[in-house]
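There are 2 protein chains.
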Amino acid sequence: MASVTIMDVARKAGVSKKTVSRVINNEANVRPQTKEKVQAAIDELGFKRNPLGMALAKNRSLFIALLADNPSPGYLMNLQKGILQACTEEHMGLFLYDCQYRSPSLVEEIQTFIENTLADGLILVPPLSDKVELLDMLDRKGVSYVRIGTKDTKRGDFVGSNTTKAAFDMTEYLIKLKHRHIGFILGHPDQASSKRTEQGFREAHAKAGIPVDESLIAQGYYTHQSGVDAAMTLLNKTPRPTVIFASNDEMAVGALCEAQSRGIKVPEELSIAGIDDISITTKVWPNITTMRQPLNSIGYTAASTLIRRLQKKPLEQSEEAFVNQLFDCELVIRQSTKTYVG
Amino acid sequence: MASVTIMDVARKAGVSKKTVSRVINNEANVRPQTKEKVQAAIDELGFKRNPLGMALAKNRSLFIALLADNPSPGYLMNLQKGILQACTEEHMGLFLYDCQYRSPSLVEEIQTFIENTLADGLILVPPLSDKVELLDMLDRKGVSYVRIGTKDTKRGDFVGSNTTKAAFDMTEYLIKLKHRHIGFILGHPDQASSKRTEQGFREAHAKAGIPVDESLIAQGYYTHQSGVDAAMTLLNKTPRPTVIFASNDEMAVGALCEAQSRGIKVPEELSIAGIDDISITTKVWPNITTMRQPLNSIGYTAASTLIRRLQKKPLEQSEEAFVNQLFDCELVIRQSTKTYVG
DNA sequence: AACATATTTGACACCGGTGTCAATTGAGTT
DNA sequence: AACTCAATTGACACCGGTGTCAAATATGTT
Chain A
507 MASVTIMDVA RKAGVSKKTV SRVINNEANV RPQTKEKVQA AIDELGFKRN PLGMALAKNR
567 SLFIALLADN PSPGYLMNLQ KGILQACTEE HMGLFLYDCQ YRSPSLVEEI QTFIENTLAD
627 GLILVPPLSD KVELLDMLDR KGVSYVRIGT KDTKRGDFVG SNTTKAAFDM TEYLIKLKHR
687 HIGFILGHPD QASSKRTEQG FREAHAKAGI PVDESLIAQG YYTHQSGVDA AMTLLNKTPR
747 PTVIFASNDE MAVGALCEAQ SRGIKVPEEL SIAGIDDISI TTKVWPNITT MRQPLNSIGY
807 TAASTLIRRL QKKPLEQSEE AFVNQLFDCE LVIRQSTKTY VG
Chain E
507 MASVTIMDVA RKAGVSKKTV SRVINNEANV RPQTKEKVQA AIDELGFKRN PLGMALAKNR
567 SLFIALLADN PSPGYLMNLQ KGILQACTEE HMGLFLYDCQ YRSPSLVEEI QTFIENTLAD
627 GLILVPPLSD KVELLDMLDR KGVSYVRIGT KDTKRGDFVG SNTTKAAFDM TEYLIKLKHR
687 HIGFILGHPD QASSKRTEQG FREAHAKAGI PVDESLIAQG YYTHQSGVDA AMTLLNKTPR
747 PTVIFASNDE MAVGALCEAQ SRGIKVPEEL SIAGIDDISI TTKVWPNITT MRQPLNSIGY
807 TAASTLIRRL QKKPLEQSEE AFVNQLFDCE LVIRQSTKTY VG
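In the order they appear, the protein sequences are chains A and E. 507 is the number of the first residue of the first sequence in this note's numbering; add one for each residue after it. 507 is the number of the first residue of the second sequence in this note's numbering; add one for each residue after it.
Here it is, written out as structure tokens:
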């Protein structure tokens, strides 16, 4: 409780507050021997700079906030882990803010949050990262942010994965397994990633010279339940698809549920595939074949991008091009997919 | 950016800084008409108090931290949601800190974290909440905390659920379903909740006058994989258990995986039950019967308990008894359990 | 040795609020 | 109208740091 202040150190080292400040900030133009003297005092007294005092003086709070709408626990958790790792390394704190994407007052709520906490910057997770009104507000207020998700409009810093390619690769793989009736579950129509997965799905068909079976495309919303519902629709079609490829794992697991509840054997009678590689894919039987999205790295990169951005002067920032980093996904073959044998 | 300060308001209202401060803190002894005048200026200028200035002056940062070791994504997510809700209502920020329970320098790392952020208080999630060295350090430094989990030692504020009763109720239910060979997967031996679930399991047997089949008790560690492993052991026994009751859902799902990979039909040939009611229980087929732990409420209660504690003076605090709130769990019957028919 | 220049250092105001305490104001009494 | 006492208000220092700028010191030159 009786915390050591910068003044205590200054007195002990026989220098001024400012000089101590210089040492702890590693500023140039401090004579080595002075620096040593001060450092000794710091060590001896166990001084730690009070982040609040610094924040007030510098008008920089040393923490960033993660804005999320809790899409799927696994997805968010993985991101969060990467983000936290970067924050810890850079001595930044991470604030959490949970929002309701659907709330009509979303933008105001977030604005209030920012004012209440003075977070230096924000990390936006889909579907928030696609919300134009939100980005407008942040730009207007001059708040730095990094968007995570699927590359859509060029706007601000962005980190995500190559969703089109992920869907393409998976579709190609399924085609290689001789599947010709591929049921496809679309993502949420409002989210950028949705168009991308569909695009990849179609491109792979085109490349293989196989027509897309339009009747086997069902709408989904990235939720487990929407996967169940879409699978229900697809499994009622004749001929039945021999594989269901969902735009994310959450829905793939939903499809698995629906298949199993009907007594359809996976993968013998139906293959199932998803995208993301969230933890649940290996917690169900059979484990789900998926495209691994490096969420941990994405989170890490997003956070360190944001932190680096914050360290630059606002002027520099506006002149420099925005970061736009895309990771590739990797095919992870598990037990839920199998060669189709007519 | 050009933020409005308390001085701006003071000038506009023709009063002193301090009077404005009184108004925004709703202090007594401000003449109504003065208050009105100030409030008008505040509204007109759109003034928001800078939390950093306040934090520095009051030596209270207005945020608390959630320390977690990410046991199961679903578990943590639910808690987090409740915690965040309470924080939002009380205008508190929530910091996140991810730690490695196993790290030998855990205590120092957490200490550094506290010093770096000046969080007013901490919320501890199992297994952190059982870690004595950590509690010692926090007590020594005078940091307020609330522990979440299973009631063990009386130490600090505590919020959790009645684990013994949960295990008791589930066991009783399984016995009512005529199961006599109940496979039981223990929790992590280091965590307090483990003893409690075992206790409840045994008490239910005792009450029903049925002996516990000791050969059907397997060690688990609360992880999915440990559930798989324990189920493997149990399913190799003769006679095979007719139901597997795991100390948490994560392991129950693991057991389900193992059963399904062996081609054992659940619930026809084997029933499965867990505790917690995390989201995955309804994302697998069949849905898992479980004891619903009100994690959201627990998180909410923990956070508001902590916040209320922080609002009291340290002196008062040490004199007052600690909060110790236990929630009851509720039996949620789903498709994974079924009456045993010899 | 005297001077010009570069490097180091410190005094002081300031970031945006709050606590203390004395000064001012208003109400109630005689 | 003068006086007492409580309610209201403001001046000022302070929380723990940083930025500015001028003063002090060190270094290099002739």
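Yeah, the Cβ is synthetic: ideal placement off N, Cα and C, and Gly gets one too. Source: prediction; values computed, not measured.
query: Can you list the residues of chain E that SER785 (chain A) reaches, using a CB-CB cut of under 7 Å?; result: PRO579
query: Any chance you could list the alpha helix (DSSP H) runs of at least 4 consecutive residues sitting entirely within the region 697–730 of chain E, in chain order?; result: 698–714
query: Measuring CB to CB, does LEU600 (chain A) end up less than 9 Å from LEU640 (chain A)?; result: no
query: Have a look at ASP636 (chain A) and SER700 (chain A) and give me their C-alpha separation to the nearest angstrom.; result: 12 Å
query: Here's a check: name, in chain order, each residue in its chain whose Cβ is nearer than 8 Å to the Cβ of ARG528 (chain A), leaving out the five neighbours to either side.; result: ASN535, VAL536
query: To be precise: take each residue of the region 592–607 of chain A, compare its Cβ to all Cβ atoms of chain E, and keep it if any distance is under 7 Å. Which residues remain?; result: HIS597, GLY599, LEU600, PHE601, LEU602, ASP604
query: Across which residues does DSSP place TYR651 (chain E) in a beta bridge pair?; result: E:LEU628
query: Taking the beta strand (DSSP E) that VAL665 (chain E) falls in, what are its first and last residues?; result: 663–667
query: Reducing DSSP to helix, strand and coil, say where LEU612 (chain A) ends up.; result: helix
query: Using a Cβ-Cβ cut-off of less than 8 Å, list which residues of the region 540–563 of chain E approach chain A; keep chain order.; result: LYS554, ASN556, PRO557, LEU558, GLY559, ALA561, LEU562
query: State the beta-bridge partners of ASP782 (chain E) as determined by DSSP.; result: E:ARG798
query: With a cut-off of 9 Å, does the C-beta of ASN576 (chain E) fall near any C-beta of chain A?; result: yes
query: Of all Cβ atoms in chain E, is any one closer than 9 Å to the Cβ of LYS819 (chain A)?; result: Annotation note: pLDDT 49 at LYS819 (chain A) (below 50); position unreliable, coordinate value reported separately. Answer no: the Cβ-Cβ gap between LYS819 (chain A) and chain E never drops below 9 Å.
query: Which residues of chain E have a Cβ atom closer than 7 Å to the Cβ of GLN766 (chain A), listed in chain order?; result: TRP791
query: With respect to the beta strand (DSSP E) encompassing ASN830 (chain E), which residues constitute its N-terminal and C-terminal limits?; result: 830–833
query: Can you grab the Cα-Cα spacing for the pair LEU585 (chain A) / ILE784 (chain A), in whole Å?; result: 10 Å
query: Could you tell me the alpha carbon to alpha carbon distance between ILE770 (chain A) and TRP791 (chain A), rounded to whole angstroms?; result: 13 Å
query: Given a cut-off of 9 Å, decide if SER578 (chain E) and LEU816 (chain E) are closer than it, judged by their beta-carbon atoms.; result: no
query: Can you tell me whether GLN539 (chain E) is buried or exposed, with buried defined as 16 or more other CB within 10 angstroms of its CB?; result: exposed
query: Have a look at ASP604 (chain A) and ASN556 (chain E) and give me their C-alpha separation to the nearest angstrom.; result: 22 Å
query: Of all the CB atoms in chain A, is at least one closer than 9 Å to the CB of ASN754 (chain E)?; result: no
query: Counting only Cβ pairs nearer than 8 Å, list the residues of chain E close to GLU704 (chain A).; result: Per Cβ cutoff of 8 Å: no residues; GLU704 (chain A) is ~24 Å from chain E at best.
query: If the cut is a Cβ gap below 7 Å, which residues of chain E does VAL759 (chain A) touch?; result: LYS789
query: Hey, how far is the Cα of SER667 (chain A) from the Cα of ASN830 (chain A)?; result: 10 Å
query: Suppose you measure from the CA of ILE781 (chain A) to the CA of PHE751 (chain A); what does that come to, to the nearest Å?; result: 9 Å
query: Give a yes or no on whether the minimum CB-CB distance between MET738 (chain E) and chain A is below 9 Å.; result: no
query: For the region 754–772 of chain E against the region 740–747 of chain A, are there 3 or more C-beta pairs whose distance is under 8 Å?; result: no
query: Could you confirm whether any beta carbon from chain A is found closer than 9 Å to the beta carbon of SER732 (chain E)?; result: no
query: Is it the case that the region 688–707 of chain E contacts the region 660–678 of chain E, given that we only count it when at least three CB pairs across the two stretches are under 8 Å?; result: yes
query: Indicate whether GLY726 (chain A) and MET757 (chain A) have their beta-carbon atoms separated by less than 9 Å.; result: yes
query: Name the chain E residues that come within less than 8 Å of LEU644 (chain A), Cβ to Cβ?; result: The premise fails here: LEU644 (chain A) is roughly 13 Å from chain E at the closest Cβ pair, so nothing lies under 8 Å.
query: Using 8 Å as the Cβ pair cut-off and three pairs as the minimum, do the region 613–620 of chain E and the region 681–688 of chain E touch?; result: no
query: Run the CB neighbour count on GLU764 (chain E), radius 10 Å, all protein chains shown included, and call it buried at 16 or more, exposed below.; result: buried
query: Measuring straight from C-alpha to C-alpha, what distance separates LYS518 (chain E) and MET560 (chain E)?; result: 21 Å
query: Leaving out the 5 sequence neighbours to the left and right, which residues in its chain are closer than 8 Å to GLN545 (chain E) when beta-carbon positions are compared?; result: VAL529
query: Please specify which runs of the alpha helix (DSSP H), each continuous and at least 4 residues long, are wholly inside the region 526–592 of chain A, giving them in chain order.; result: 538–551, 557–564
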